[in-house]
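Asks: Per mature numbering (1 follows the signal peptide of the UniProt record, and there is no 0), the sequence shown runs over residues -21 to -1, 1 to 150.
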Amino acid sequence: MLKKAITLMFTLAVLAVPVMAQGTKVGIVDADVVVQKSQKGKAFFEEFQKFTEQKRASIDQMIEAFQAKQKDLQAKAASMSEDKKKESALELQKMQTEIKRAQEDAKRESDLKLNTGLEKFRKELAPLVHQVAIEKGLDMVLNYGPNSNLVYFNDSVNITDAVIKAYDEMQ
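#1: Quick check on the DSSP output: what are the complete alpha helix (DSSP H) runs of length 4 or more inside the segment 9 to 92, in order along the chain?
#2: Distance, Cα to Cα, residue 85 vs residue 99?
#3: Measuring CB atoms only, is the segment 112 to 131 touching the segment 88 to 104, in the sense that at least three cross pairs come out at less than 8 Å?
#4: Considering only the alpha carbon of each residue, which of 74, 128, 147, 149 lies closest to residue 7?
#5: Checking the sheet assignment: what are the DSSP bridge partners for residue 113?
#6: How many whole angstroms separate the CB atoms of residue 4 and residue 117, which I take to be in contact at a CB cut-off of 8 Å?
#7: Taking only the alpha-carbon atoms, compute the straight-line gap between residue 17 and residue 140 and give it to the nearest angstrom.
#8: Short of 8 Å in beta carbon distance, which residues of its chain neighbour residue 66, apart from the five on each side in sequence? Order them along the chain.
#9: Output needed for residue 80: all residues of its chain with C-beta closer than 8 Å, excluding positions within five of it in sequence on either side, in chain order.
#10: With residue 142 as the anchor, note down where its alpha helix (DSSP H) starts and where it stops.
#11: Just the C-alpha distance for residue 110 and residue 12, rounded to the nearest angstrom, thanks.
#12: Beta-carbon within less than 8 Å of residue 143's beta-carbon, same chain only, minus the 5 sequence neighbours each way: which residues are those?
#13: Only counting the same chain, and skipping five residues up and downstream in sequence, which positions put a Cβ closer than 6 Å to that of residue 53?
#14: Can you pull the DSSP bridge partners for residue 121?
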């Protein structure tokens, strides 16, 4: 999902410069690599990972509490009245619902955080790619990644490292 989002954002963001019949200079940038290797990208993904780990730990605690309650109720089931069994079953069902809701909320929050972060990268990197392309005298920049249709390119047209360097320097 992350790679598709990054690839899509750069495919849409890279400038569409009119292609000349001869002498067109083309550059290639791997947006995924720029985001993953830049200082801001590393910091973002580190923060995102901490966020998801905190959510996961919170949900894991809820699951452990549910399992402990379930085990306790199973051990006491033989000595419980029917009313108490029904009450306990409802408690467990309520806990399951809370766990499911917490999981859905965590996914929604994670997706929002990721999409917001990627949108920020797109907005920051599009003009930077344009700037690097102008500095290198390029007429067009294509995004290379897992979903691109590029089969081969000479590494001399790869401006990914230059974009990473420029991005890190602008911080």
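Think of the CB as a built atom: it goes at the ideal place given N, C-alpha and C, for glycine as much as any other residue. Fair warning: this is a prediction, and the values are worked out from it, not measured in the lab.
Replies: On the basis of the coordinates in this document:
#1: Entirely contained in the segment 9 to 92, the alpha helix (DSSP H) runs reaching 4 residues are, in chain order, 10 to 16, 18 to 55.
#2: 21 Å
#3: The segment 112 to 131 makes no contact with the segment 88 to 104, as fewer than three CB pairs between them are under 8 Å.
#4: Considering only alpha carbons, the answer is 128.
#5: Note: residue 113 sits in no beta bridge, so no partner.
#6: In this structure residue 4 is in contact with residue 117, their Cβ atoms being roughly 5 Å apart against a cut-off of 8 Å.
#7: 9 Å
#8: none
#9: none
#10: That run of the alpha helix (DSSP H) goes 139 to 148.
#11: 18 Å
#12: 12, 13, 16, 17
#13: none
#14: 7
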